[in-house]
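Colleague: After the structure tokens below, expect a handful of questions from me.
Protein chains in written order, with the working numbering: chain A, 56 to 349; chain B, 1289 to 1670.
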């Protein structure tokens, strides 16, 4: 029983990390159709922001709290810049965005290597995130609970923003029918950039969260990016609900499989499961109803 | 030739005389390439340079498949490393077993080193048979591609979905190979391969023979891809890329059309992987993961995804630049690689092969915009 609980909690915390990364992708990939391979590097930028702030501030707790909004802004600004420089030219060729942003991600990785050095660096966790909480005979690490809380907070915030704010309405309008939105007086180019800013900013938040559970290095983005895209694909493009359910489901599946087999076998089985799942629901778990024939 | 199949470099509305010359140009270029690869290069290059060229030509074989699936079919194949790896491992497993047998051992050296048992794993055993191993280098990748392609295309999973799934497959295979250290050599892969069907690979003369085999295989692959391009099937493939729904309404099954291109590309990548092993003497997960898989696409993108010659030259040029520049300036090379990719895909989607056409259009702004657009996969294809 304890094993089951432990594995489920590990799975949920893997899921929370996946969710944080995938959340930004549901906006940029799901809503806008841009496959941003540099998303992982925006996450890395957030992680290094947290690292730099800790060097500057010293107190781990304060720097973490400062890092969250700062990383959002830093990664968001990078995303907006990327959108302005490259991606806005490629909206008619979504597959090419994948390749172009991959080139960008290569350069960003090398930039990180040149600035911070190739070896991984680490941040200190604040004291209030180093303990464990005992629940029903199992122990839950507080740093993982913090990530879970952060992920849920982001989901709630994003849902509220998409549903209730004028910006959210504009984003949805542009996604559903770009031309109609444009003739209705929505500045679609600006909406695109703002969407990209938010999506990339969320990657920055994910990066800060990752500093709590692992080292920070130039290649940290590549370790997560494929998994994060799979979450969006299985969840259904652009569906927040899908991303949430899928991230936790894949996290738990991964952790249960890792327990009963090995990490490498678990990865393969998860992929097979995903392909099998797409046989059943090719458009993902939750589908946006459209009139498009594709 | 209708405009749907015309490659980007052909001029609009060709005159009959011009057309005849254009038709002759293809076999002439092919012949020139064959003379260059099979005749001039072995005479002009040192043993060392020739073996490097052999390695680049392996990447060029993969690029031919990429050009077919991606350039013509709009299928962004990001997992070619999987097929390259399957071909490479199938070949390497056989050669390792042959090396071991020649040394009087029953197990490859790395298995003895890890000491994980004294029997060969069951899935290694068939690879002792040379015919099985050789067939597997091409058929195994084709079977895997066929299975994934069948499942994915039948359910109309396409575009980014397909690209990401093929990429995830590359990640999964690399992780799996690294995890199975005792039976696959783990991160090191299968190294130190010495013999090639009874010939000693350390002998430069035999290395030259391997080069000739690889060059021959490349020419064969190019000829095959060219034959596919100009066939009825080639027209259908481009039609599916440009408007899948219309092709469906005309009574064809786009899933089968895409499947053929994907499986053919996988077979070519498998062949390349198999030939890479005797040329370089090693196959490892570092050659088949996500990063090298995207690397296979780079060459084709830079040279020109829709043009066979462009893809081949691009693959060779990028591999050459990588190995010469990355040794002396590793950091600068990574920036250059990224920038090259951004510029080629973002601003010159037809690759360097389309540079001439683009410049010509620039110079004469009055010319009609009738020249066929560079083969860019649109949002809904793949």
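Just so you know, even glycine gets a beta-carbon here, dropped at the ideal spot from N, CA and C. Computed from a predicted structure; not experimentally measured.
1) Reducing DSSP to helix, strand and coil, say where residue 127 of chain A ends up.
2) By the criterion of Cβ-Cβ separation under 8 Å, what are the contact partners of residue 1649 of chain B in chain A?
3) Within the same chain, show all residues whose beta-carbon is closer than 6 Å to that of residue 1541 of chain B, passing over the 5 residues directly before and after it, in chain order.
4) Spell out whether any CB of chain B is found under 7 Å from the CB atom of residue 139 of chain A.
5) Using a beta-carbon distance below 7 Å, is residue 1640 of chain B in contact with chain A?
6) At a CB distance below 9 Å, what residues from the region 1625-1640 of chain B approach chain A? Give them in sequence order.
7) Would you verify that the beta carbon of residue 72 of chain A is, or is not, closer than 7 Å to some beta carbon of chain B?
8) Looking only at its own chain, which residues have a Cβ that is under 6 Å from the Cβ of residue 176 of chain A, when we skip the five neighbours before and after it?
9) Would you check if the distance between the CB atom of residue 1554 of chain B and the CB atom of residue 1381 of chain B is smaller than 7 Å?
10) If distances are taken between C-alpha atoms only, which option among A/101, A/170, A/132, A/252 comes closest to residue 121 of chain A?
11) Check residue 1617 of chain B in the structure and name its three-state DSSP category.
12) Nearest chain A C-beta to residue 1445 of chain B closer than 7 Å, yes or no?
13) Count the CB pairs spanning the region 116-132 of chain A and the region 251-266 of chain A that are closer than 8 Å, and state whether there are at least three.
14) Taking DSSP as the reference, what is the three-state secondary structure of residue 1487 of chain B?
15) Measuring straight from C-alpha to C-alpha, what distance separates residue 155 of chain A and residue 1578 of chain B?
16) Under 7 Å, Cβ to Cβ, is there at least one residue of chain A near residue 1407 of chain B?
17) Look at the alpha carbon of residue 174 of chain A and the alpha carbon of residue 167 of chain A, and state the distance between them as a whole number of angstroms.
18) Measuring CB to CB, does residue 1512 of chain B end up less than 7 Å from residue 1361 of chain B?
19) Got a sec: is the Cβ-Cβ distance from residue 217 of chain A to anything in chain B below 7 Å?
20) Which residues in chain B have a C-beta closer than 8 Å to the C-beta of residue 300 of chain A? List them in chain order.
21) Measure the C-alpha to C-alpha separation of residue 281 of chain A and residue 71 of chain A and round it to an integer number of angstroms.
22) Which residues, in chain order, does the region 155-173 of chain A contribute to contact with chain B at a C-beta distance below 9 Å?
23) Could you check what DSSP says for residue 1664 of chain B in three-state terms: helix, strand or coil?
24) Using beta-carbon positions only, say whether residue 1576 of chain B and residue 1478 of chain B come within less than 7 Å of one another.
25) Between A/145, A/225, A/289, A/78, which lies nearest to residue 1635 of chain B when the distance is taken from Cα to Cα?
26) Could you spell out where the beta strand (DSSP E) holding residue 190 of chain A opens and where it closes?
27) I need the DSSP call for residue 196 of chain A, collapsed to helix, strand or coil.
28) Residues in its own chain within less than 8 Å of residue 64 of chain A by CB, not counting five upstream and five downstream?
29) Alpha carbons only, please: which of B/1609, B/1343, B/1507 is nearest the one belonging to residue 1563 of chain B?
30) Report, in whole angstroms, the separation of the C-beta atoms of residue 254 of chain A and residue 134 of chain A, which I expect to be a contact under 8 Å.
31) Can you pull the chain B residues whose beta carbon is under 7 Å from the beta carbon of residue 334 of chain A, in chain order?
32) Going along chain B in order, which residues have a C-beta closer than 8 Å to the C-beta of residue 234 of chain A?
33) Do you know how far the Cα of residue 315 of chain A is from the Cα of residue 332 of chain A?
34) Determine the contact status of residue 1550 of chain B and residue 1437 of chain B, defining contact as a CB-CB distance below 7 Å.
35) Report buried or exposed for residue 91 of chain A, applying the criterion of at least 16 other Cβ atoms within 10 angstroms of its Cβ.
36) Closer than 8 Å, Cβ to Cβ, to anything on chain B: give me those residues from the region 142-154 of chain A, in chain order.
Modeller: Based on what the coordinates show:
1) Correct three-state label for residue 127 of chain A: helix.
2) Within 8 Å Cβ-Cβ: nothing; residue 1649 of chain B doesn't reach chain A, min ~18 Å.
3) none
4) For residue 139 of chain A, the answer is no, since every Cβ of chain B falls outside 7 Å of its Cβ.
5) no
6) 1625, 1626, 1627, 1628, 1629, 1630, 1631, 1632, 1633, 1634, 1635, 1637
7) no
8) 106, 271
9) no
10) A/101
11) coil
12) Taking Cβ atoms only, chain A reaches closer than 7 Å to residue 1445 of chain B, which makes this a yes.
13) yes
14) strand
15) 15 Å
16) It does not; no Cβ of chain A falls within 7 Å.
17) 10 Å
18) no
19) no
20) Within 8 Å Cβ-Cβ: nothing; residue 300 of chain A doesn't reach chain B, min ~18 Å.
21) 16 Å
22) 155, 156, 157, 158, 159, 160, 161, 162, 163, 164, 165, 166, 168, 169
23) Confidence is the limiting factor: at residue 1664 of chain B the pLDDT is only 44, short of 50, which leaves the residue's position unreliable, though a coordinate-based value still follows. Correct three-state label for residue 1664 of chain B: coil.
24) Not a contact, by the Cβ cut-off of 7 Å.
25) A/145
26) 187-190
27) strand
28) 193, 195, 199
29) B/1343
30) 6 Å
31) 1439, 1443
32) By Cβ distance, chain B contributes nothing, its closest Cβ being about 14 Å from residue 234 of chain A, past 8 Å.
33) For residue 332 of chain A and residue 315 of chain A, the distance between alpha carbons rounds to 21 Å.
34) yes
35) Residue burial is scored here from C-beta neighbours: residue 91 of chain A has at least 16 other C-beta atoms within 10 angstroms and is therefore classed as buried.
36) 144, 145, 147, 148, 149, 150, 151, 153, 154
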